Structure formats: C-alpha cells, structure tokens
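Numbering (my numbering), first residue to last: 35 to 288.
All remarks here apply to the structure that follows.
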Amino acid sequence: MTTTSNASGLQPTDALAPETAPLLRQLATRAMGMTGADIERIVRQARLTARREKRALRYEDLEAGLRDYRPTLPYDTRWRYAIHEAGHAVVHHALGLGDVTGLTVDAQDGGYNMLNFSGGSAGTLAWHEDMMAMLMAGRAAELLLLTSASTGSAGADHSDLAKATDLGLAMEAKLGFGGVHPLLYLSHTSPAQALTSDRDLADRVHARIETGLELAMEVIKLNRPPMDALVRALFGAQALDGPAVMAILRRSYD
C-alpha cells in the first residue's frame, strides 16, 4: 500500500515511451508543492513562448517556467533544505518503510518529499516508532550536519512536528501502545487542549517524539555515505525524481 494514487485519469509514467517517462517525472518533482492553478499558468506561459517563436512546445520551456516560478534561495538556505529532505529520505529507506518518489528543495515554502509506504509490519509498535523517526529525520539531519535546527520542521499544522505530535498522541491514546491504560481508546476532539491540560500525557507524547529523534540521528550516523551523496545531488539539482534518489541510496551501499 502506498500514500499516492493515480486518481487523475492520466496515463501513468510507466506506460509512456521510455524516453518520455523520466522527463515527466522530473517535471512532476519540480512541481511538488504547487497548486493546479500554478501549473496551469506555467504551461500557458510556456505555450505562449513557443508560439511566439513559431515552434513546438519543448521540455525546456516547462522546466524553465517551473524554475522561474520558484524563488531564488540563498546558498545556506538551499543547503539546509537539502540536508533536511535528504534526512527524511535516508531514514525512510534505511528503516525499510518504502521507496522515495521525489525530493525538491526549491518549493516556495521550503522542501518537499514524496514517500511510498510498503506493507511489511505496518500497524505494529515498531512500525510506528520507525514512522516517528522518519518524521523527525529532517530535524535530526540538521542537528547532526549543521549543529542547529531551523523552523523547517515546525510552525504549521502540516509540519513534521505537528505530524509527530499527532502520531505520538495516537500511540498513547488510541492505538493500544499507551504507557498508561493502553487498552483504552481515548479520542480527543482537541489534541492541543488534551496535551496542555494533561501534563503526564504531554510528557509521554514528548518522550516518544524524543525517542524518534534519537533513532533518526542514529540511522543517519550509520548511513553517512548515502546521506552525504544525496545532499550533494539534491543541492545541485534542486529536484530529484524517485529513480534518481533510489539510485543514489542503493549505489552508496555497493
């Protein structure tokens, strides 16, 4: 089972001509984080450019449009984004959670990653602990390689810390892994209120997040060659599709 689907009705890239699929994957990776309206605007502008020059639309037109839409990031910021997203990918792969289908560091609001999740031991305590480590891996990578963490893992409801908090609360209150009364199912309409009003619960959830951070740091330490290779490649390319990421991760172990 994966977190992605082909619900658009478009032809999957695997069914396209061999020379076309990699190009479309690269464009799709560069478009991560954009809205449909953003992409439509870029395609319209690319077509207009080709029409003015009296030629067919080219891959380079679309790639240039995607690049121009993105902000120009300072060197240090792009390097941090590359470290953050590479951390997620390395831990995800090393813990056997599934394949990585894309990474980018040139999104308007930071980096993005697209990850597939395989079945395996999904649903077990160990699987949820590995998931926690994957969520905390971006922050762990920043701490290890830069000795400081940025707000890239926090500050929004869809952030790494928000997802880790939700997962930790679910493990303690709903999934049967709680340190206190594990067989009770306790659904909270307001997770924030539950954590601020119950100090013991907040401590247990925080401990699970800390454990995930520690596991992520250990995994990255044990996988520095693929980590370093992926950071360099992602920093240079700004966007890597799944096959490119997996090739780097697998090649580093050879």
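In this text, a Cβ means the ideal position worked out from N, Cα and C, and glycines have one as well.
These figures come from a predicted structure and were not determined experimentally.
Grab me the residues of residue i's own chain with a C-beta within less than 6 Å of its C-beta, minus the 5 sequence neighbours each way, in chain order.
{"i": "L177", "result": "A183"}
{"i": "R238", "result": "E206 and G213"}
{"i": "G246", "result": "M166, A167 and M170"}
{"i": "R86", "result": "none"}
Would you kindly work out how many angstroms separate the C-alpha atoms of residue i and residue j, rounded to a whole number?
{"i": "S224", "j": "A273", "result": "37 Å"}
{"i": "A271", "j": "R284", "result": "18 Å"}
{"i": "H222", "j": "M166", "result": "20 Å"}
{"i": "Y115", "j": "A278", "result": "18 Å"}
{"i": "E163", "j": "N257", "result": "19 Å"}
{"i": "P259", "j": "F269", "result": "16 Å"}
{"i": "M280", "j": "S231", "result": "44 Å"}
{"i": "T181", "j": "Q60", "result": "32 Å"}
{"i": "M261", "j": "A196", "result": "25 Å"}
{"i": "M68", "j": "A80", "result": "16 Å"}
{"i": "G70", "j": "A236", "result": "38 Å"}
{"i": "L159", "j": "K88", "result": "60 Å"}
{"i": "A188", "j": "A84", "result": "41 Å"}
{"i": "P108", "j": "D234", "result": "42 Å"}
{"i": "T106", "j": "R112", "result": "9 Å"}
{"i": "M220", "j": "W161", "result": "Looking at the sequence itself, residue 220 is Leu, so the reference to Met does not match. Cα-Cα distance, rounded: 21 Å."}
{"i": "A263", "j": "V134", "result": "15 Å"}
{"i": "L131", "j": "A90", "result": "42 Å"}
{"i": "S193", "j": "E248", "result": "19 Å"}
{"i": "R92", "j": "I282", "result": "28 Å"}
{"i": "E244", "j": "H215", "result": "21 Å"}
{"i": "L217", "j": "L229", "result": "19 Å"}
{"i": "F211", "j": "S155", "result": "15 Å"}
{"i": "H240", "j": "H122", "result": "20 Å"}
{"i": "L82", "j": "L179", "result": "44 Å"}
Would you check if the distance between the CB atom of residue i and the CB atom of residue j is smaller than 9 Å?
{"i": "Y204", "j": "H118", "result": "In the sequence as displayed, the identity of residue 204 is Ala instead of Tyr. Not in contact: A204 and H118 (Cβ atoms no closer than 9 Å)."}
{"i": "A198", "j": "M170", "result": "yes"}
{"i": "R242", "j": "G186", "result": "no"}
{"i": "V77", "j": "G99", "result": "yes"}
{"i": "T63", "j": "D275", "result": "yes"}
So, for residue i: in the same chain, excluding its five sequence neighbours on each side, which residues have a beta-carbon less than 7 Å away from its beta-carbon?
{"i": "M66", "result": "G136, T138, A141, Y146 and M148"}
{"i": "D200", "result": "P225"}
{"i": "Q227", "result": "none"}
On a CA-only basis, which of the options is nearest residue i? Give me that one, please.
{"i": "A128", "options": "R85, E94, Y109 and F151", "result": "F151"}
{"i": "L57", "options": "H162, E94 and G157", "result": "E94"}
{"i": "I254", "options": "R86, V239 and M168", "result": "M168"}
{"i": "K208", "options": "K88, L82, V265 and G157", "result": "G157"}
{"i": "R266", "options": "L96, D275 and A120", "result": "A120"}
{"i": "M251", "options": "R92, Y219, R173 and G276", "result": "R173"}
{"i": "D102", "options": "I73, D110 and H122", "result": "I73"}
{"i": "D110", "options": "R86, G144, A123 and F211", "result": "G144"}
Taking 8 Å as the line, does the beta carbon of residue i fall inside it for any heavy atom of the ligand FAD?
{"i": "G213", "result": "This structure lacks the ligand FAD, and indeed carries no ligand of any kind."}
Kindly list the residues whose CB is nearer than 8 Å to the CB of residue i, restricted to its own chain and excluding five residues on each side of it in sequence; keep chain order.
{"i": "L96", "result": "L61, I76, V77 and A80"}
Compare the C-beta of residue i with all C-beta atoms of chain B and state if any pair is closer than 9 Å.
{"i": "L177", "result": "Of the protein chains in this structure there is only one, and it is not chain B."}
Query - Uninterrupted alpha helix (DSSP H) stretches inside the segment 134-216 (no shorter than 4 residues) - result: Qualifying alpha helix (DSSP H) stretches, in chain order: 159-180 and 194-207.
Query raised in the report: What are the start and end residues of each continuous beta strand (DSSP E) run of 3 or more residues lying completely inside the segment 251-276, in chain order?
Result: The segment 251-276 contains these whole beta strand (DSSP E) runs: 273-275.
Query raised in the report: Taking the runs of the alpha helix (DSSP H) that are 4 residues or longer, which of them lie wholly in the segment 45-117?
Result: 55-64, 70-86 and 93-103
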